[in-house]
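What follows is one structure encoded as structure tokens, with my remarks underneath.
In my numbering, the protein residues as written are 1086 to 1358.
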């Protein structure tokens, strides 16, 4: 059972360390999606929780409103170390309250989520000065999602949400991320989603030392055929896989006339219409 709590904060706004964004907002501490690979697990040591990552959620309480003069036409990301549309957002509506302020601020808002709940706020997205909603997919196979991302929305639910947003005129993106070597069928993800999205992003699986063994144990138990490749990449530090994959993605997206950005390695991003 997930432990729920509240935590008072002076501000919900943080200066962004992510290229392309001025500010980031994380409405919650923790994330109940419980993704096996979550890079944000490092936040656990700052939270004071003894529970495992994915088994607690703190709802931030902030009495200070966002300042329009500060955020006017700035790039704001929701979120970097939590999902703004985790299941508890349905009750707390913290993200929705923030979006109402961001409409007034005329901020340029980018949302990254694994939850179909995002469609609830189509009315607010339409009022934004600029808004993009991105869904992340590590696989087109829902059995992967059930094992690796047990509390995230299903693959089909995310595709349905993507379609609803696209048909409502909202700018959408698909993040093929994190991309699991030997497991992620990125072409299948593209084929299932390309009618409903404006661009693609591709990012590699980032295995921090603290949870590398957990991820490799997961791969060994569920996708043993991919283990030798994963070992070459993450233990032997062989980066040739990413070099080759970047070229394959670039060529495929060019042939399909898709806009795509590659974020792994030192490879130049490809952008096409």
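By construction, the Cβ of each residue, glycine as well, lies at the ideal position given by its N, Cα and C atoms.
Please read all numbers here as calculations on a predicted model, not as lab measurements.
Separation of residue j from residue i, as counted between CA atoms
| i | j | result |
| --- | --- | --- |
| residue 1348 | residue 1148 | 36 angstroms |
| residue 1355 | residue 1346 | With a pLDDT of 36 at residue 1355, under the threshold of 50, the modelled position of this residue cannot be trusted; read the value that follows with caution. About 5 angstroms. |
| residue 1151 | residue 1320 | 44 angstroms |
| residue 1272 | residue 1335 | 12 angstroms |
| residue 1315 | residue 1323 | 10 angstroms |
| residue 1359 | residue 1192 | Nothing can be reported for residue 1359, as the shown portion of the chain is limited to 1086 through 1358. |
| residue 1211 | residue 1254 | 8 angstroms |
| residue 1353 | residue 1256 | Only weak support exists for where residue 1353 lies, its pLDDT of 37 falling under 50; the value from the coordinates is given anyway. For residue 1353 and residue 1256, the distance between alpha carbons rounds to 24 angstroms. |
| residue 1217 | residue 1096 | 23 angstroms |
| residue 1426 | residue 1293 | Because the chain in this structure spans residues 1086 to 1358, residue 1426 falls outside the shown range and cannot be described. |
| residue 1351 | residue 1339 | Below a pLDDT of 50, predicted positions are generally treated as unreliable, and residue 1351, at 45, falls in that range; the measurement from the model is reported next regardless. Rounded to whole angstroms, residue 1351 to residue 1339 spans 19 angstroms at the Cα level. |
| residue 1135 | residue 1238 | 26 angstroms |
| residue 1208 | residue 1132 | 33 angstroms |
| residue 1180 | residue 1264 | 27 angstroms |
| residue 1109 | residue 1302 | 32 angstroms |
| residue 1107 | residue 1129 | 25 angstroms |
| residue 1434 | residue 1325 | Examination of residue 1434 is not possible in this model, given that the chain is present from 1086 through 1358 alone. |
Of the listed residues the options, nearest to residue i (C-alpha basis)
| i | options | result |
| --- | --- | --- |
| residue 1286 | 1307, 1246, 1115 and 1343 | 1343 |
| residue 1289 | 1296, 1280, 1199 and 1266 | 1266 |
| residue 1093 | 1114, 1109, 1234 and 1135 | 1114 |
| residue 1119 | 1101, 1103, 1138 and 1112 | 1138 |
| residue 1214 | 1160, 1086 and 1096 | 1160 |
| residue 1236 | 1111, 1157 and 1123 | 1123 |
| residue 1240 | 1268, 1277, 1206 and 1264 | 1277 |
| residue 1279 | 1313, 1333 and 1341 | 1341 |
| residue 1143 | 1252, 1174, 1154 and 1232 | 1174 |
Cβ separation of residue i and residue j, assumed to be a contact under 8 angstroms, to the nearest whole Å
| i | j | result |
| --- | --- | --- |
| residue 1188 | residue 1250 | Rounded, the Cβ-Cβ distance is 16 angstroms, inconsistent with contact. |
| residue 1168 | residue 1116 | 5 angstroms |
| residue 1063 | residue 1121 | The structure shown does not extend to residue 1063, since the chain is modelled only from 1086 to 1358, so the question has no answer here. |
Reduced DSSP category for residue i - H, G, I as helix; E, B as strand; rest coil
| i | result |
| --- | --- |
| residue 1334 | helix |
| residue 1292 | coil |
| residue 1108 | strand |
| residue 1248 | helix |
| residue 1198 | strand |
| residue 1318 | helix |
| residue 1180 | helix |
Contact between the region 1220–1228 and the region 1252–1266: three or more CB pairs below 8 angstroms?
yes
Does the region 1225–1232 come within contact of the region 1175–1195, defined as at least 3 CB pairs closer than 8 angstroms?
Taking a contact to require three or more Cβ pairs closer than 8 angstroms, the region 1225–1232 and the region 1175–1195 do not qualify as touching.
Counting beta carbon pairs with one atom in the region 1292–1304 and one in the region 1237–1247, are three or more of them shorter than 8 angstroms?
no
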